[in-house]
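Numbering (full-length UniProt numbering), first residue to last: 1 to 426.
Virtual Cβ for every residue (Gly too), placed ideally from N, Cα, C.
Values in this document were obtained by computation on a predicted structure and should not be read as measured data.
A short write-up of the structure that comes next.
Written out as structure tokens, the structure is:
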């Protein structure tokens, strides 16, 4: 979800969303914890706490910035906690100053994060103290977008991080589309097979991610999916993350050649890196839930075991998915060996996930995992999962979609054979 909360005060953060499963310590970067690693605390004649050396505090902040950046590469929600004085001088060893917060904002810009400030000492109203005025200089803006969203309350955090299922019964058709992978011609052909296409108010479209890379017509994909439409949802895939990172220059692994080529073609067509990021990529959501007929449906890119969502379920139909790293939802649930290396497991996955989703009473739609690696099963061969990725960027592949009626019945299974192939299946 790419959110960072700077919390001034030491109220227990796990009160935001109590969970017996989540380890809240992994979410919190605490100024006091880091400071204690680099220096002791002493008392002045006035009885005020202070670190024994200014160097210790600088080392702590350097480590904090490193921890924040590491979490940002995975798209994790981050809570940075310290003391609030509102002054630029050090009133306590755990104070976060305006200079500290500005350093956080620089990282937020580099990784396209939104930063919220939270005064945990005052529960009922944002910006409650005069000392907050010292942070006026923090509200730095670029001409095109506002990085900071300002002060929020502790009780606002869960709402910001929560998604609820959308009732799509008002639409005649719900169309779910698999990985496009830069195959714009196939995308246009598929859209033409649905009455009214993208612009019909009777249709609702859900794309399960990976709009770009590998295919040969990314400019067509970009132009087809603009302008933004209220009846179109894009689920974030690993290639959306790759395009965002490449456009910002913040790679956490080697530069992906496919993504660099995508951005090159877009720029040659006059589409800037900032435009593709802000007009298309940042529209994507890590997770989308909806109801149609009498059943709840989930759309993620990688396919997640229901226990992952159960861990962040605040109440029936209220999922605090902001507590899940973007990588968790776009890579999907994998066995331990694969998960340790950030890889995706294709074998044995489908049957296990199908059983778990059926037991949970939901249908899950996802891409990312190729159906040929699931022993040739099509999306409709399972009870409770719909794998939609079918290798359109490869010779012999397809772009796949499934169209539902507003009572949840499958209306049409659509397949468009690949015409913009890059390489055969491996």
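> Using CA coordinates, which residue listed in 324, 172 and 240 is at the minimum distance from residue 292?
Replying inline: The shortest C-alpha separation from residue 292 is found at 172.
> So, helix, strand or coil for residue 77, using DSSP?
Replying inline: Shown here, residue 77 sits in coil according to DSSP, grouped into three states, outside any helix or strand.
>> Going by DSSP, what residue range makes up the alpha helix (DSSP H) through residue 429?
In response: Any property of residue 429 remains undetermined from this structure, which presents the chain solely from 1 to 426.
> Does the distance from the CB of residue 331 to the CB of residue 349 come in under 9 angstroms?
Replying inline: Their beta carbons are not under 9 angstroms apart, which means residue 331 does not touch residue 349 by this criterion.
> Given a threshold of 16 other Cβ atoms within 10 Å of its Cβ, counted over all protein chains shown, does residue 395 qualify as buried or as exposed?
Replying inline: Exposed, by the Cβ-count rule.
> Roughly how many whole angstroms lie between the Cα atoms of residue 97 and residue 75?
Replying inline: Cα to Cα, the separation comes out at about 25 angstroms.
> Can you tell me the Cα-Cα spacing of residue 226 and residue 274, whole angstroms?
Replying inline: Rounded to the nearest angstrom, the two C-alpha atoms are 15 angstroms apart.
>> According to DSSP, residue 188 sits in a beta bridge with which residue or residues?
In response: Answer is none; residue 188 lacks a bridge partner.
> residue 257 to residue 267, Cα distance in whole Å?
Replying inline: Approximately 15 angstroms, taken between the alpha carbons.
>> Under DSSP, the beta strand (DSSP E) around residue 355 begins and ends at which residues?
In response: Under the DSSP assignment, residue 355 falls outside any beta strand (DSSP E), being part of the alpha helix (DSSP H) whose first and last residues are 349 to 360.
>> Are there any heavy atoms of the ligand ADP lying less than 8 angstroms away from the beta-carbon of residue 323, as far as the coordinates show?
In response: Questions concerning the ligand ADP fall outside what the structure shown contains, since it holds no ligand whatsoever.
> The beta strand (DSSP E) spanning residue 117 covers which residue range?
Replying inline: Its beta strand (DSSP E) spans residues 114 to 119.
>> If the criterion is Cβ atoms closer than 9 angstroms, does the pair residue 80 and residue 7 meet it?
In response: In contact: residue 80 and residue 7 (Cβ atoms closer than 9 angstroms).
> What residue does the alpha helix (DSSP H) around residue 34 start on, and which one ends it?
Replying inline: Boundaries of the alpha helix (DSSP H) around residue 34: 31 to 38.
> Just how far apart, CA to CA, sit residue 300 and residue 283?
Replying inline: Computed Cα separation, rounded: 15 angstroms.
> If you draw a straight line from the alpha carbon of residue 30 to that of residue 418, how long is it in whole angstroms?
Replying inline: Their backbone Cα atoms lie some 51 angstroms apart in a straight line.
> Which word fits residue 295, buried or exposed, when buried means at least 16 other C-beta atoms lie within 10 angstroms of its C-beta?
Replying inline: Answer is exposed; the Cβ neighbour count stays below 16.
>> Between 107, 56 and 108, which has its C-alpha nearest residue 40's C-alpha?
In response: Looking at the Cα atoms, 56 is the closest of the given residues.
> So what does residue 95 bridge to, in DSSP terms?
Replying inline: Residue 95 is bridged to 83.
>> Do residue 285 and residue 235 have their beta-carbon atoms positioned less than 9 angstroms apart in this structure?
In response: A contact, by the Cβ cut-off of 9 angstroms.
>> Tell me which residues share the same chain as residue 259 and place their Cβ nearer than 6 angstroms to its Cβ, disregarding the 5 neighbours each side in the sequence.
In response: Cβ within range, chain order: 213, 242, 243 and 246.
> Three-state secondary structure (DSSP) at residue 304?
Replying inline: In the three-state DSSP reduction, residue 304 falls in the coil class, being neither helix nor strand.
> In whole angstroms, what separates the C-alpha of residue 201 from that of residue 290?
Replying inline: When rounded, the distance between both Cα atoms is 17 angstroms.
>> Pop quiz: residue 114 and residue 3 are said to be a contact at Cβ under 8 angstroms. What is the actual Cβ separation, rounded to whole angstroms?
In response: Right, the Cβ-Cβ distance comes to about 5 angstroms (below 8 angstroms), so this counts as a contact.
>> Can you list, in chain order, the residues of its chain with a C-beta nearer than 8 angstroms to that of residue 220? Leave out the 5 residues immediately preceding and following it.
In response: Closer than 8 angstroms at the Cβ level, and outside the excluded window around residue 220, lie 184, 185, 187 and 188.
>> To the nearest angstrom, how far is the alpha carbon of residue 197 from that of residue 248?
In response: If you draw a straight line from the Cα of residue 197 to the Cα of residue 248, it is about 33 angstroms long.
> Beta-carbon separation of residue 387 and residue 413 under 9 angstroms?
Replying inline: It is not a contact, given that the beta carbons lie outside the stated cut-off.
> Given 8 angstroms as the limit, is there contact between the stretch 151 to 166 and the stretch 311 to 322, that is, 3 or more CB pairs closer than that?
Replying inline: The stretch 151 to 166 and the stretch 311 to 322 touch, with no fewer than 3 CB-CB distances between them shorter than 8 angstroms.
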